[in-house]
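Everything on this sheet refers to the single structure shown next.
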């Protein structure tokens, strides 16, 4: 009636095969792995992707790249093009767009850090692809299927963030659009979902760690988490990152800024350099405890 | 602490003005109205938009247009381009695309019914705009901001469906992108949200009628509902449509098919012609009771 | 896999019969009706239950009883014993307990209005039963099964409010505990559920009108709604009450206070007398439109 | 307006102090600890509470106690009195009640394992208190405030499970009722919440690990998790337990049964002995990694 109590494993798997055959596991031990710019995804390494919400300036992004590299991060993140819920930007907020992409390229060539950055529109896929080692598709575009297809066709590795209202099915269905183009370097990233229980007036998302385990039961693709956007509150980011490693996430994305309170966006959620360094050590210990490494 | 108990009305309105000044009401009685293809939106009429999920064939769409017109519907809906959660179509399912648009044009010229249909990609905006009296932006594209801007620039009236994970803020923020282009003929449409309480294994959305009242408190734009997609269960569509009229919705969108069980998609949710006719009579009574008309 | 797409009607009904055979419908037209203190439940009347959140004083409750009676209400509600989320009461808040029950008795004998009031503890069931025509079991006690059984044994009609986190199954399962004692005068009342989309910082519940229709598909018991507690915001109560009647609810519970801003609790949600009178007229029109009456 | 963006820490703490002053932290480093039957709560130990859903027989509970003790568990759990969502028990299910309590006593005296078991009704508090080292208050009774008070008055340590629909505020407010009686040995336990995203047709709860961190920000009480009831699916229990330790939970509750498939209730969620032993080793490694111990 109201809920299906014992669906049975066979029924499940049959359904999976028909809905997203490329995304679904072929057998219980099936897991994809690949190396992007020398960084392993889907193996024993748990890559840490760090950086600011916004690529605010050339100096800033180079400084951050240098510092997170020193702390052991594997990838640099930073937004040049960013979807915002409202069309008006904050006072000290400017989408840096082409300039931001240029600065990311500078940070990459100076520090050697590989880059992941969001691409929002088909017309910028080419530009972003020149610099980005991974194209990030944001949660708001997760169900923009023609755009997924266009990104997939570049052959670049893609990180597909889960929409905060999407079910696991919706998410895996979206991934299938990418795999269907023959692009198999797909990484999934959970970034918090709408839930009735968010615990603070400032936050409206709950980091769904159960979906990491659930996704890994159904798909062979690596699954990462982004605790910063989910919790929207820096003091909670560290513990949720620790939990992400322990639950078996295949990577973590963290917001880092030298001066969070004066960040252009989301001042409540970024860690500063020393908080990030300390967290890296703790994450490393947890990774070792589960026979993985950071 | 955990939730803001008494925010006060002034604080609220101040926030509104800064985030979505064009979408926000200027004063409590502020309400937009406009006529599209001779059908009033935002006035005492409660327009009923009806039709199939998919424009399956020329014959089908003409037959439906004729029948819903006879029952008093004001607009014909029908999908030619449709986003699907999985890239593979069902057995008897074919996205009819350009052909579907052509058949909608035929139905329009033969019956005089104005058309609303979804547009999914920038490259088809021109084609769809030739036939559609209202461009529908589906829930999955609600936060595809560059696409909203591109649709807005056509000057065509736009129906913006709420994403099933979107807050009221997200939704009004998206509408602001359209109004910002000088396009003021914007209609909002609630189509069900993810919720922990959906009552049937077949459905995963809850029609949020509280948001109709909430949206009307904050914005001057007309707010419609789509009970068919929300409930995913035909026996619940009628009562939720009745409630939509009574709560003050500015229109209703309903799925109608001559033979629901054999519809190409979503066979559980469509009404047949006689169910639709009977419902129209009931909706009319409720509309009269609140001094509106259908 | 993740969700059961087409469970089929037979499977559903079979499940129902085994889990809550007394609460489940025997056939699709099965509907219970009964008269309590001369007021019909489950027939064409849509009873309106009105009154303050708290029985603050003898004068107040008599004044309210008089006024809501004049406006056409059928039942007087008022809390003497009330569960509060925190053990400390507000400044001008005193649980009136035995005194409150006494004042309700006075209001009843002076105005002839039948009474519904909450009972919270087994030891007060006797006292409350002397005055109350209906025992109200609050949402927080919905799953206190031994207490449900104890209330059921009085033979008094019972209104069972849905817990704001309870599924339809949970709710009907709780009702079954009452019916199992041979007490068949059970009324269900939806009062808002936790949901990710509540639209105001002041509210955290969403009135779930879809559950009214869903419950009526599965059970023969009358289903009411309480828009005041759900919306926690007076301007939304009227429209949600209208929608409740139109969706087919078998009654409505409304909070009324002569001076809402100075009410002992929940000052944002109560209507004053003139708001209530006007709403009653509108509710009556909607009821007539669907061939029911108020 | 719709949500309070930057409430500020002071506003938060002020609110806390007035609503649940005893439950709230006095300062950021404030944390309660106590020893129950020689087991530390709130210190560096992360106690593991294990056992079956139901105390099915004397032999079974002694066997389980022996085996979980060998694997390093600190406490034995087992239900003798259990609230069920429906009044009818399954075929091989019998609530063992007084007998079950007796068998728990035998298991305790034979193995030395301290006991936690649920108490459901005031009249059984005395009986349960004779054997239980911790009284468990189930999620369905979390808001049964008179019952909380009655349990508190025994002076026994109490574990208060969070209702699956309760906010953090509701939960801490309920704890305050216990502390108010002078009973300070209170342990909180998160057991899954209703959420739109549960990923399997079999489960309807999501283990909320964000609430562990959130609760620890606001209260000094130890916070545990129960991954078994939350996930309702054994393969997910281990990873969610690992994440619980890493996120900083002050203990874990796990369902263990020698033959899960033939358990009297909830056959999908229990671990068998070897699964439990292996998990204990992994949990120990994670605990060590964060300078705690199991």
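Chains as they are written, first to last, in my numbering: chain A, 890 to 1183; chain B, 890 to 1183; chain C, 890 to 1183; chain D, 890 to 1183.
Cβ coordinates follow ideal geometry from the N, Cα and C atoms, glycine included.
Which first and last residues belong to the alpha helix (DSSP H) in which residue 1067 of chain C is found? 1057–1068
The region 1041–1061 of chain A: positions lying closer than 9 Å to chain E by Cβ: Going by chain labels, chain E is absent from the structure shown, which instead holds the protein chains A, B, C and D.
In chain A, what lies closer than 8 Å to residue 1083 of chain C by C-beta? 1085 and 1086
Considering residue 1190 of chain A, what are the terminal residues of the beta strand (DSSP E) in which it resides? Residue 1190 of chain A cannot be examined here, being either before or after the span of chain A that is shown, 890 to 1183.
Could you name the residues of the region 954–987 of chain D whose beta carbon sits closer than 7 Å to any beta carbon of chain C, in the order they occur along the chain? 972, 974, 975 and 976
Just list the alpha helix (DSSP H) runs in the region 960–997 of chain A, keeping only unbroken ones of 4 residues or longer that don't cross its boundaries, in chain order. none
Taking DSSP as the reference, what is the three-state secondary structure of residue 1024 of chain D? strand
Under DSSP, the alpha helix (DSSP H) around residue 1107 of chain C begins and ends at which residues? 1099–1107
Given a cut-off of 8 Å, decide if residue 1169 of chain A and residue 1179 of chain A are closer than it, judged by their beta-carbon atoms. The criterion of a C-beta distance shorter than 8 Å is not satisfied by residue 1179 of chain A and residue 1169 of chain A.
Contact with chain C by residue 1182 of chain D, beta-carbon distance below 8 Å: no
Outcome for residue 1012 of chain B when other beta-carbon atoms lying within 10 angstroms are tallied against a minimum of 16: Result: exposed.
Shorter than 8 Å from the beta carbon of residue 861 of chain A to some beta carbon of chain C? Shown here, chain A extends from 890 to 1183; a query on residue 861 of chain A therefore has no answer.
Within this structure, are the beta carbons of residue 1074 of chain A and residue 1046 of chain A separated by less than 8 Å? yes
How is residue 1080 of chain A classed by DSSP in three states: helix, strand or coil? coil
Should residue 977 of chain C go down as buried or exposed, given a rule of 16 or more other Cβ atoms within 10 Å for buried? exposed
Report all residues from its chain with a CB closer than 8 Å to the CB of residue 1148 of chain A; omit the five preceding and five following residues, and keep chain order. 1161.
Helix, strand or coil: how does DSSP classify residue 946 of chain A here? coil
Inter-stretch contact (C-beta, 8 Å, three-pair minimum) for the region 926–937 of chain B and the region 989–1005 of chain A: no
When the distance is taken between beta carbons, is residue 963 of chain B closer than 8 Å to residue 1004 of chain B? No, the Cβ-Cβ distance between residue 1004 of chain B and residue 963 of chain B is not below 8 Å.
At least one CB of chain B closer than 8 Å to the CB of residue 1089 of chain C: is that the case? yes
Any contact between the region 1079–1096 of chain A and the region 1080–1094 of chain D? By contact I mean 3 or more CB pairs, one from each, below 8 Å. Under the 8 Å Cβ criterion, the region 1079–1096 of chain A counts as touching the region 1080–1094 of chain D, having at least three qualifying pairs.
Would you check if the distance between the CB atom of residue 1175 of chain B and the CB atom of residue 1175 of chain C is smaller than 8 Å? yes
Whole angstroms are fine: how far does the CA of residue 1116 of chain D sit from the CA of residue 1141 of chain D? 8 Å
For residue 974 of chain B versus residue 1058 of chain A, is the C-beta distance shorter than 8 Å? In contact: residue 974 of chain B and residue 1058 of chain A (Cβ atoms closer than 8 Å).
For the region 1122–1148 of chain A, list every residue whose C-beta sits within 8 Å of some C-beta in chain B, in sequence order. none
Please tell me whether residue 1079 of chain B has its Cβ less than 8 Å away from any Cβ of chain A. It does not; no Cβ of chain A falls within 8 Å.
Establish whether the CB of residue 1026 of chain B and some CB of chain C are separated by less than 8 Å. no
Which chain D residues are close to residue 1111 of chain C, counting only those with a beta carbon under 9 Å from its beta carbon? Chain D residues near residue 1111 of chain C: none, gap ~21 Å exceeds 9 Å.
So, using beta-carbon positions, are residue 1068 of chain D and residue 911 of chain D closer together than 8 Å? Yes, they are a contact pair.
What's the gap between the Cα of residue 984 of chain C and the Cα of residue 919 of chain C? 40 Å
If we ignore side chains and look at the alpha-carbon of each, how far apart do residue 967 of chain C and residue 1044 of chain D end up? Between the C-alpha atoms of residue 967 of chain C and residue 1044 of chain D there is a straight-line separation of about 35 Å.
Cβ-based neighbour list, residue 986 of chain A, same chain, cut-off 7 Å, excluding 5 preceding and 5 following: Counting only residues of its own chain and dropping the five nearest sequence neighbours on each side, residue 986 of chain A has a CB closer than 7 Å to the CB of 969 and 970.
Rounding to the nearest angstrom, what Cα-Cα distance links residue 1038 of chain C and residue 1019 of chain C in this structure? Cα to Cα, residue 1038 of chain C sits roughly 18 Å from residue 1019 of chain C.
At the level of alpha carbons, what is the spacing between residue 954 of chain D and residue 940 of chain D? 7 Å
Alpha carbon to alpha carbon, what distance is there between residue 922 of chain B and residue 1128 of chain A? Taking the straight line from one Cα to the other gives about 51 Å.
Span of the beta strand (DSSP E), counted from its first residue to its last, around residue 932 of chain C: Careful: residue 932 of chain C lies outside any beta strand (DSSP E) and carries neither H nor E.
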